[in-house]
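For reference, the structure is listed below as C-alpha cells.
Number of protein chains: 2
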Amino acid sequence: MGKGTLYIVSAPSGAGKSSLISAMLETNPTYAMKVSVSHTTRGMRPGEQDGVHYHFVQKEHFEELIEKNEFLEYAEVFGNYYGTSRVWIESNLDKGIDVFLDIDWQGGRQIREQMPQAKSLFILPPSNGELERRLNARGQDSDAVIAKRMAEAKSEISHYNEYDYVIVNDDFDNALTDFKAIIRAERLKQDKQAAKYKGMLDALLAE
Amino acid sequence: MGKGTLYIVSAPSGAGKSSLISAMLETNPTYAMKVSVSHTTRGMRPGEQDGVHYHFVQKEHFEELIEKNEFLEYAEVFGNYYGTSRVWIESNLDKGIDVFLDIDWQGGRQIREQMPQAKSLFILPPSNGELERRLNARGQDSDAVIAKRMAEAKSEISHYNEYDYVIVNDDFDNALTDFKAIIRAERLKQDKQAAKYKGMLDALLAE
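Note that the protein sequences, when read in sequence, are chains A and B.
Residue numbering for the first sequence follows the working numbering, starting at 243 and increasing by one per position.
Residue numbering for the second sequence follows the working numbering, starting at 243 and increasing by one per position.
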C-alpha cells in the first residue's frame, strides 16, 4: 500500500472550502480520507468534541510539543496556541490516508516548506459580487465585518498562484467534480501506483 | 485561453490503449481533444484517409521536413519514414487543444526530451494471462506472433516507471474514469486556470 497525500486547501472565506471538503468526504468512501484536526490550548466550547473539532491540550503540553518540533506550523492567537501536528498527519499518511488541511496561505506556505510532497489547492469564488452575496446570505456578520472579510479575501486570493491546482467554485457540483478528479488523478501518479500494484507489477515483469 | 497539453500514451499491445483513447474522445466533448496523426511516406492502403490515419507525404518532402527539424521524433521502418510533426502538434496545443500521442516508450522518451511540459501516461494490463487472453481474442495472430507480442509487452512494461501516470486497465469503465480524471485534473493546474480565468482573476484582484 502506498502513502497518502497531504492536501493543503486554501480559499477566501465564502468561497465554499468547508462545504467542498465535507461533500468530498461524504461522497467518496472508496478512498481513505480525513480532515486534519488542529491542536489548540483554548477551552472546549459547547458542542465541540476532542479529536473532532480540535485536539484540546494544556498549554504546557503544547509547549513541549513545540520543543520536540512536532508541529508543521503553529501560531499564538489571543493567548491561545493553534497548531498542525506533524506526527498526526504523518501517521495518517503512512496508513495510506489522504489528509486535507484547511489553512490560509501563510500556514500553507509553512507546510509546503516542510512537506514539499504535499499538493495544494486553491478555491476561488467566481466574482467579488458573488463572494459578498454568499457572506451576506450567511446572515452572521455586520456590514463592517463583511467589508473586512472582503478585504481579507482579496489578500488571500492574491496568493492563488502559489498553489498546484485552482478550482473555481461557481457551480458547486462542478467544483466538487473538479476536486474529486484531482484526488483521483493524484492517486494515479506513477509512484503511488507502483506502491499499490507492487505485486501485480512483479508478476508482469517476472521472467 | 490557455494552451493544450500533449499526452504521451504508451502501453503494451493488448492493454487497451486505442480503445481508451477512442472512448475518451467520444465521451468528453466539452474539452477540445485530438489524437496526433503521424506523417508517413508509405503508400495509402484501402480504407485509409489522408490526415486521418496518417499524413501521407512524398519521401523528398519528408526529408525536407527532417532538415527543417519539423519532427519531434521519426524512424525509418522497411524503407518508409514515420514521424511526429512538431508543427502540427504545437499549432493544436496553441489553440487550447489537448493532443494524445499514441507511441512506444522509445518514441515517448524522445518526445519528453523535446517537450518536457508533456504529460505521460502508461496503461497496464492486470496480468500476463489476461494480456495473452486479449491478444488471442482478437483472432488476428498466430501463436508465434502472440509469443513475440508477449515478449515485447514485457519489454514495454519495464519502462512504466518513466511515466507521470499509470492506469491499470482491468475494468474498462474504471480505466476510462481514471483517464478522464487525469485530463480534468491537468486542466485544473494553476498555470492552465490562470490563463483560462485571466479576466475573472483581474476582476477579483482589482482595487
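Heads up, the beta-carbon is just placed ideally off N, CA and C, and yes, glycines get one too.
Contact under 8 Å by Cβ, residue i with residue j
i                      : j                      : result
residue 442 of chain B : residue 369 of chain A : yes
residue 400 of chain A : residue 447 of chain B : yes
residue 316 of chain B : residue 301 of chain B : no
residue 374 of chain B : residue 254 of chain B : no
residue 377 of chain B : residue 256 of chain B : yes
residue 252 of chain A : residue 364 of chain A : yes
residue 428 of chain B : residue 247 of chain B : yes
residue 220 of chain B : residue 331 of chain B : Nothing in the structure corresponds to residue 220 of chain B, since chain B is present only between 243 and 449.
residue 221 of chain A : residue 329 of chain A : The requested residue 221 of chain A is not part of the displayed model; chain A covers only 243 to 449.
residue 402 of chain A : residue 410 of chain B : no
residue 432 of chain B : residue 405 of chain A : yes
residue 391 of chain B : residue 385 of chain B : no
First and last residue of the uninterrupted beta strand (DSSP E) at residue i
i                      : result
residue 327 of chain A : 322-327
residue 409 of chain B : 407-410
residue 318 of chain A : 313-319
residue 456 of chain A : Because residue 456 of chain A is not part of the residues shown, which for chain A are 243 to 449, the question remains open.
residue 249 of chain B : 248-252
Start and end residues, alpha helix (DSSP H) containing residue i
i                      : result
residue 397 of chain B : 385-399
residue 301 of chain B : 301-309
residue 361 of chain A : No alpha helix (DSSP H) contains residue 361 of chain A, which is instead part of the beta strand (DSSP E) from 361-366.
residue 276 of chain A : Unbroken run through residue 276 of chain A is the beta strand (DSSP E), 275-277; no alpha helix (DSSP H).
residue 372 of chain A : 370-379
residue 420 of chain B : 414-428
residue 268 of chain A : 259-269
residue 433 of chain B : 432-438
residue 345 of chain A : Taken as a continuous stretch (DSSP letters only), residue 345 of chain A belongs to no alpha helix (DSSP H), as it is neither H nor E.
Supposed close pair residue i, residue j - CB separation, criterion 8 Å
i                      : j                      : result
residue 343 of chain B : residue 250 of chain B : 5 Å
residue 430 of chain B : residue 424 of chain A : 6 Å
residue 340 of chain B : residue 274 of chain B : 7 Å
residue 304 of chain B : residue 286 of chain B : Incorrect: roughly 15 Å between the Cβ atoms, too far for contact.
residue 334 of chain B : residue 276 of chain B : 6 Å
Neighbourhood of residue i by C-beta distance below 6 Å, restricted to the same chain and skipping five residues each side
i                      : result
residue 434 of chain B : 244
residue 407 of chain B : 363 and 424
Beta-carbon contacts of residue i that lie in its chain and below 7 Å, excluding the five residues immediately before and after
i                      : result
residue 354 of chain A : 250, 360 and 362
residue 282 of chain B : 296, 298, 322, 323 and 324
residue 336 of chain A : 245
residue 412 of chain B : 368
residue 308 of chain B : 316
residue 350 of chain B : 250, 252 and 362
residue 388 of chain B : 374, 377 and 378
residue 444 of chain B : none
Neighbourhood of residue i by C-beta distance below 8 Å, restricted to the same chain and skipping five residues each side
i                      : result
residue 418 of chain A : 262, 265, 266 and 269
residue 394 of chain B : 254 and 255
residue 347 of chain B : 252, 398, 401 and 404
*Given a limit of 8 Å on CB to CB distance, which residues of the stretch 416-444 of chain A reach chain B?*
Contact residues of the stretch 416-444 of chain A toward chain B are 419, 420, 422, 423, 424, 426, 427, 428, 430, 431, 432, 435, 436, 439, 442 and 443 (C-beta to C-beta distance below 8 Å).
_To be precise: take each residue of the stretch 394-406 of chain B, compare its Cβ to all Cβ atoms of chain A, and keep it if any distance is under 9 Å. Which residues remain?_
Along the stretch 394-406 of chain B, the positions whose C-beta sits under 9 Å from a C-beta of chain A are 395, 396, 399, 400, 402, 403, 404, 405 and 406, read in chain order.
_Interfacial residues, the stretch 360-371 of chain B to chain A, with Cβ spacing under 8 Å_ = 364, 366, 367, 368, 369 and 370
_Beta carbons nearer than 8 Å to chain A: which residues of the stretch 278-293 of chain B have them?_
Only those residues of the stretch 278-293 of chain B whose C-beta falls short of 8 Å from the nearest C-beta of chain A would be listed, and there are none.
*Using a Cβ-Cβ cut-off of less than 9 Å, list which residues of the stretch 304-324 of chain B approach chain A; keep chain order.*
none
_chain A contacts from the stretch 334-364 of chain B (Cβ-Cβ distance under 7 Å)_ = none
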